[in-house]
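Novice: The opening position of the sequence shown corresponds to residue 2 in my numbering, with each subsequent residue numbered one higher.
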Amino acid sequence: IETLRQYVGERPIIAPGSAVIVLNEKNELLLQLRADTNDWGLPGGGMELGDSFEETAQKELYEETGWNVEELKLIGIASGKETYYKYPNGDEIYNATAIYKAINITGKLKEKEKDETKALQYFPLDNLPQLNYISKIFLKKVGYIS
Numbered sequence: 002i003e004t005l006r007q008y009v010g011e012r013p014i015i016a017p018g019s020a021v022i023v024l025n026e027k028n029e030l031l032l033q034l035r036a037d038t039n040d041w042g043l044p045g046g047g048m049e050l051g052d053s054f055e056e057t058a059q060k061e062l063y064e065e066t067g068w069n070v071e072e073l074k075l076i077g078i079a080s081g082k083e084t085y086y087k088y089p090n091g092d093e094i095y096n097a098t099a100i101y102k103a104i105n106i107t108g109k110l111k112e113k114e115k116d117e118t119k120a121l122q123y124f125p126l127d128n129l130p131q132l133n134y135i136s137k138i139f140l141k142k143v144g145y146i147s
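1) Could you spell out where the alpha helix (DSSP H) holding LEU43 opens and where it closes?
2) Flag this pair as yes or no: are the beta carbons of GLN33 and GLU56 separated by less than 8 Å?
3) Contact check, GLU11 vs GLY91 under 8 Å by CB: the rounded distance?
4) From ASN69 to TYR8, what does the alpha carbon distance come to, in whole angstroms?
5) Determine contact between the stretch 119-131 and the stretch 81-97, defined as no fewer than three beta-carbon pairs at a distance below 8 Å.
6) Look at the alpha carbon of PRO44 and the alpha carbon of GLU61, and state the distance between them as a whole number of angstroms.
7) Would you check if the distance between the CB atom of GLU67 and the CB atom of LYS102 is smaller than 8 Å?
Have a look at this one:
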């Protein structure tokens, strides 16, 4: 996306990517305090050339949490006008996102990743913090919030 931005600037682009829902044994949802937007959201990110949606989900979950996932279950797709987002730096995107549920994760949860993640924390589904707009769309789409 950085290379593409050199040509299109801040104008809207379609951004394929993946988001991952991780629940613990208490059915609490893992959220990431994002460094780029300073708000809470699902782990995930943009697809790189040659990657599949599933590979994107695996890579992003590892980069942002330190976890490997043995199995991913596709539970939804979010795209269209409602997924428009304008980043604080002015970049505009329309997300086309595969939403997965992580099954059988391994590894050790990172304490803090300064480039992308300020914090990682589990929250009860009935007591979530203020979520970023896009994560709300994703969680509504797959029925985790109303």
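Glycine included, every Cβ here is placed at the ideal spot set by N, Cα and C.
Specialist: To lay it out plainly:
1) Position 42 of the sequence shown, counted from the start, is the residue given in the question as residue 43. Here LEU43 belongs to no alpha helix (DSSP H), and DSSP marks it neither H nor E.
2) Numbered from 1 along the sequence shown, position 32 holds the residue referred to as residue 33. Numbered from 1 along the sequence shown, position 55 holds the residue referred to as residue 56. Against a cut-off of 8 Å, the Cβ pair of GLU56 and GLN33 comes out as no contact.
3) Counting from one through the sequence shown, the residue named residue 11 turns up at place 10. Counting from one through the sequence shown, the residue named residue 91 turns up at place 90. Contact holds; Cβ gap of about 4 Å.
4) Counted from its first residue, the sequence shown places residue 69 at position 68. Counted from its first residue, the sequence shown places residue 8 at position 7. Going by the C-alpha atoms only, they are around 34 Å apart.
5) Counting Cβ pairs under 8 Å, fewer than three are found: no touch.
6) Numbered from its first residue, the sequence shown carries residue 44 at position 43. Numbered from its first residue, the sequence shown carries residue 61 at position 60. Distance between the alpha carbons of PRO44 and GLU61 is about 7 Å.
7) Counting from 1 along the sequence shown, the entry for residue 67 is found at position 66. Counting from 1 along the sequence shown, the entry for residue 102 is found at position 101. Strictly speaking, residue 67 in this sequence is Gly, with Glu absent from that position. Judged by beta-carbon spacing, LYS102 lies beyond the 8 Å limit of GLY67, meaning their Cβ atoms are not closer than that value.
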